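Residue numbers (our numbering): 1252 to 1405.
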């Protein structure tokens, strides 16, 4: 029996996925390494609060709410980046299998996608997780395209 040849469209999808996962992995890893220490974070927070106190005009409550949410997000960043890295590794596992024409790679890819993009939205909330919402929409497109290619896999 002759081995199945990989369709060109599936080949392109896998190459795009390998490239994207690699870029996102290094981006998230770099962000994780560059996170400020707890002391640096507290210093930055104090500086910003002092600057806000020095202003002569009162900030609308809307802006104060955004600042509070930003401080919360900074505290949660190590967890968000860790979840993103785990999701990327699971997706990589799935893409490797799909590149080898194995159908069982589709499900880890979908699970990794959900972990990578929905995890931060749940943790940060939809307001601060808005960039993840956009990436999730693009990711759903890839899930659909891989789903259309399942018939070629064993």
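Idealized CB from N, CA, C, for every residue including glycine.
Owing to the predicted nature of the structure, the values given are computational and were not obtained by experimental measurement.
- If the five residues before and after residue 1367 are omitted, its C-beta is found closer than 7 Å to the C-beta atoms of 1335, 1338, 1339 and 1342, all from its own chain and listed in chain order.
- Between residue 1356 and residue 1346, the C-beta spacing is below 8 Å.
- Rounded to the nearest angstrom, the gap between the Cα atoms of residue 1267 and residue 1393 is 10 Å.
- Taken atom to atom, the span from the alpha-carbon of residue 1388 to that of residue 1290 is near 37 Å.
- Close CB contacts of residue 1374 within its chain, under the 8 Å cut and outside five residues either way in sequence, are with 1327, 1330, 1331, 1334 and 1380 (chain order).
- Of the residues 1405, 1400 and 1404, the one whose Cα lies closest to the Cα of residue 1260 is 1400.
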